[in-house]
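*Asks:* Number 526 marks the last residue of the sequence shown (my numbering); no jumps.
Below is a structure I'd like to ask you about.
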Amino acid sequence: MKRLLSIVIVLVFALTVVMPLTAEKSYAAFSERTTMPEFGSAEGQAYYYSNNNLFYQYDLGPNQKYLSSYGGYCVGNCTWYAYGRASEILGKTFNTNFRKGAAQWWDINKSGNYYPYGSTPKAGAIACYSNHVAIVEKVVNGQPYVSESGWKIASTQPASAADLRFHYGSPWEKNPKGYIYITDTASAGGAEGTVPASYSVKITAKDLNMRTGPGTNYSKIGYVKQGTYQVDQECGNWARLADSGYWICLSYATKVDTAAPPVSDTGTASSYQVKVTATNLNMRTGPGTSYQKKGYIKPGVYTITLTNNGWGKVSETGYWICLKYTTTVSGSSSAQQPGSSGGTSGSAEPSALYKVKVTASALYMRTGPGTSYSSKGKLAKGAVQEIKDTKNGWGQLSSNGYWIKLSYTVPLQGEYNVKVTAKDLNMRTGPGTSYQKKGYIKPGVHTISQTSGGWGKLKSNGYWIKLSYTTKL
54 MKRLLSIVIV LVFALTVVMP LTAEKSYAAF SERTTMPEFG SAEGQAYYYS NNNLFYQYDL
114 GPNQKYLSSY GGYCVGNCTW YAYGRASEIL GKTFNTNFRK GAAQWWDINK SGNYYPYGST
174 PKAGAIACYS NHVAIVEKVV NGQPYVSESG WKIASTQPAS AADLRFHYGS PWEKNPKGYI
234 YITDTASAGG AEGTVPASYS VKITAKDLNM RTGPGTNYSK IGYVKQGTYQ VDQECGNWAR
294 LADSGYWICL SYATKVDTAA PPVSDTGTAS SYQVKVTATN LNMRTGPGTS YQKKGYIKPG
354 VYTITLTNNG WGKVSETGYW ICLKYTTTVS GSSSAQQPGS SGGTSGSAEP SALYKVKVTA
414 SALYMRTGPG TSYSSKGKLA KGAVQEIKDT KNGWGQLSSN GYWIKLSYTV PLQGEYNVKV
474 TAKDLNMRTG PGTSYQKKGY IKPGVHTISQ TSGGWGKLKS NGYWIKLSYT TKL
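Below is the structure:
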């Protein structure tokens, strides 16, 4: 009897030691789920029963709402549960591209290349079947144990998670298409699956949408012009443009040779000097933002040998800079930047930007500060413009470098308050994503002292933030 008892004790000890070693887990923060989250639980509110879950948001989750089109209350849905569980595992909202039916999840990931995938089950992976998805909670001796829900409509309203359709154990379905390893990819910020990239694309379409993120579910932000652009991030079949920070679909763009493009020599011969004071003024291989960046030019005085549409080629570096961010200090050229004062020497640094409103019915723009300069079109009454420099009662426009008579305008209040709610809104040294990051701004109310191209300068520290992520007070 004692011998038999000893054998039993040894077997129990062996099982407690061996069995945990056979369970495979692929994510450090992963914790096995065997029950449905309760309605009032923290994880339930964060990932399952709130608009953070796209399927719940569109009445395809158990939101305790009677669905007349289905004739009852939704008390189960595999995509709703898998989306919530994936978000819970990752600790943030799951990739919004997986907002379609279960039968499409495998192809969505494969075509978009969002996450690694394969035929071997791993803890934390999404199991995809012909018309069902589930979450692998653990793997024992090669066999997956999953948590899953399934489509079900009930006549009575669910009162708790116990009323919802849920299963933990061996999968309901057999013969999976494969497994999506969502925990095997580290996000580079922004959308899940984003990775750094460095190449150029050529865009020939006239109306290619830019979006705020990598997918058609993100907001449109206008169109990108035809030309060649540098890409700095990728997410599946989407690419982020380095110049604007917005995303385009690669199906409508062509990758170009990654070899360094030649520096453009197209322009009008010039010979004058400009002063650069900015510490982050981009140099490019040609006269425009569609050309490749070649670092920043150091502050100092430089000689311009070619000009083209407001850009100048620098003799000392061989690259192009935008002339509206410089000041002419010596020499002259008939082809200087738009709005230059004809080669005046010793001109002062541009004054701080401020806004004016046009009061005349039609206000002429001119190439210099006076009526003797050429006319370059008119501004309509009520137009609001930024002024970057003044001289003899004239103001130079930030938008194009031309000059207007300030007596036909009224100044606008330059400062106003905005409310910031985001915890990770970048501050930068200038008005654009090409400028250096300077940490995150704290949520709260902040004063904007200057604006430029959708960006606002903070009065408190002089850094810039993207105004589309704030609310004007």
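C-beta atoms are modelled at their ideal positions from N, C-alpha and C, and glycine is treated no differently.
#1: Enumerate in chain order the residues of its own chain whose CB-to-CB distance from D260 is below 6 Å, with the five nearest sequence positions on each side excluded.
#2: Please list the terminal residues of the continuous beta strand (DSSP E) segment that includes N479.
#3: DSSP on D160, reduced to helix/strand/coil?
#4: Assuming G222 is part of the alpha helix (DSSP H), what are its boundary residues?
#5: Put S213 into one of helix, strand or coil per three-state DSSP.
#6: Determine the burial state of I494: buried for a count of at least 16 other Cβ atoms within 10 Å of its Cβ, exposed for fewer.
#7: Note down the Cα distance separating I301 from I256, rounded to an integer number of angstroms.
#8: What residues are listed by DSSP as bridge partners for E201?
#9: Return the CA-CA distance between K33 and P422, expressed in angstroms with no decimal places.
#10: Do you know offhand how far G435's Cα is from L376's?
#11: By Cβ distance, which residues of its chain are closer than 6 Å to E593, with the 5 residues on each side in sequence left out?
#12: Terminal residues of the continuous beta strand (DSSP E) containing R293?
#13: Within its chain, find whatever has a CB closer than 6 Å to the CB of A155; leave out the 5 residues flanking it on each side and keep chain order.
#14: Runs of 3 residues minimum, wholly inside the region 433 to 460: which ones carry the beta strand (DSSP E) assignment?
#15: In the DSSP assignment, the alpha helix (DSSP H) including I233 goes from what residue to what residue?
#16: Short check: CB of T236 to CB of G177, under 8 Å?
#17: What number of angstroms, rounded off, separates the C-alpha of K458 from the C-alpha of G446?
#18: Going by DSSP, what residues sit across from E287 in a beta bridge?
#19: Decide yes or no for the touch test of the region 190 to 210 against the region 85 to 103: beta carbon pairs closer than 8 Å, at least 3 of them.
#20: To the nearest angstrom, how far is the alpha carbon of K163 from that of K328?
#21: Grouping DSSP H, G and I as helix and E and B as strand, with all else coil, what is W373?
#22: Helix or strand or just coil, what does DSSP make of A401?
#23: Alpha carbon to alpha carbon, how far is W364 from P496?
#24: Under a three-way DSSP split, which group does S140 fall into?
#25: Between which two residues does the alpha helix (DSSP H) holding L527 run?
#26: Name the two residues that bound the continuous beta strand (DSSP E) containing I518.
#27: Use the C-beta contact count for E369: other C-beta atoms within 10 angstroms, 16 or more gives buried, fewer gives exposed.
#28: What number of angstroms, rounded off, separates the C-alpha of L478 from the C-alpha of S425?
*Replies:* This is what the structure gives:
#1: Residue numbering aside, residue 260 sits at position 207 when the sequence shown is read from its first letter. These residues qualify, in order along the chain: Y276.
#2: As a working note, residue 479 is residue 426 in the sequence shown. It spans N479 to R481 - the beta strand (DSSP E) in which N479 sits, taken as one unbroken run.
#3: Taking the sequence shown and counting its residues from 1, the one referred to as residue 160 is at position 107. Of the three classes helix, strand and coil, the one that applies to D160 here is helix, per DSSP.
#4: Along the sequence shown, read from residue 1 onward, the residue named residue 222 stands at position 169. First-last for G222: H220 to G222, but that is the beta strand (DSSP E), not the alpha helix (DSSP H).
#5: Here residue 213 refers to the residue found at position 160 when the sequence shown is read from its first residue. S213: coil per DSSP, three-state reduction.
#6: For the purposes of this step, residue 494 is identified with residue 441 of the sequence shown, where counting begins at 1. Burial call: buried.
#7: The sequence position of residue 301 within the sequence shown is 248, counting from 1. The sequence position of residue 256 within the sequence shown is 203, counting from 1. Their Cα atoms are separated by approximately 10 Å.
#8: For the purposes of this step, residue 201 is identified with residue 148 of the sequence shown, where counting begins at 1. DSSP lists H220 as partners of E201.
#9: Past the boundaries of the shown model lies residue 33; the chain is included only from 54 to 526, so the question cannot be answered.
#10: As a position in the sequence shown, residue 435 is number 382, starting the count at 1. As a position in the sequence shown, residue 376 is number 323, starting the count at 1. Rounded to whole angstroms, G435 to L376 spans 28 Å at the Cα level.
#11: The shown model of the chain, from 54 to 526, leaves out residue 593, and the question about it has no answer.
#12: On the sequence shown, position 240 is the one that residue 293 refers to. First-last of the beta strand (DSSP E) with R293: W291 to L294.
#13: Stepping through the sequence shown from its first residue, residue 155 is reached at position 102. These residues qualify, in order along the chain: C131, T132, N184, H185 and V186.
#14: 437 to 444, 447 to 450 and 456 to 458
#15: In the sequence shown, counting from the first residue as 1, residue 233 sits at position 180. Segment G231 to I233 is the beta strand (DSSP E) holding I233; no alpha helix (DSSP H) there.
#16: Mapped onto the sequence shown, residue 236 falls at position 183. Mapped onto the sequence shown, residue 177 falls at position 124. Closer than 8 Å, so yes.
#17: On the sequence shown, residue 458 is found 405 positions in, with the first residue counted as 1. On the sequence shown, residue 446 is found 393 positions in, with the first residue counted as 1. Their backbone Cα atoms lie some 6 Å apart in a straight line.
#18: Here residue 287 refers to the residue found at position 234 of the sequence shown. In the DSSP output, where bridge partners are listed per residue, E287 has V248 and A292.
#19: yes
#20: Taking the sequence shown and counting its residues from 1, one reaches residue 163 at position 110. Taking the sequence shown and counting its residues from 1, one reaches residue 328 at position 275. Looking at the two C-alpha atoms, the distance is approximately 52 Å.
#21: Taking the sequence shown and counting its residues from 1, one reaches residue 373 at position 320. W373 falls in the strand class under three-state DSSP.
#22: Taking the first residue of the sequence shown as 1, we reach residue 401 at position 348. Unreliable positioning characterises A401 in this predicted model, as indicated by a pLDDT of 31, which lies under 50. The coordinate reading is nonetheless provided below. A401: coil per DSSP, three-state reduction.
#23: Working through the sequence shown from its first residue, we reach residue 364 at position 311. Working through the sequence shown from its first residue, we reach residue 496 at position 443. Cα to Cα, the separation comes out at about 38 Å.
#24: Here the question's residue 140 lines up with position 87 in the sequence shown. In the structure shown, S140 sits in a helix (DSSP, three-state: H, G or I).
#25: This structure gives no information on residue 527, because the portion of the chain shown stretches from 54 to 526.
#26: As a working mapping, residue 518 is identified with position 465 in the sequence shown. Where I518 is concerned, the enclosing beta strand (DSSP E) stretches over W517 to K519.
#27: Counting from 1 along the sequence shown, the entry for residue 369 is found at position 316. The residue in question, E369, is exposed, as its Cβ has fewer than 16 Cβ neighbours within 10 Å.
#28: Here residue 478 refers to the residue found at position 425 of the sequence shown. Here residue 425 refers to the residue found at position 372 of the sequence shown. If you take the alpha carbons of L478 and S425, they lie about 46 Å apart.
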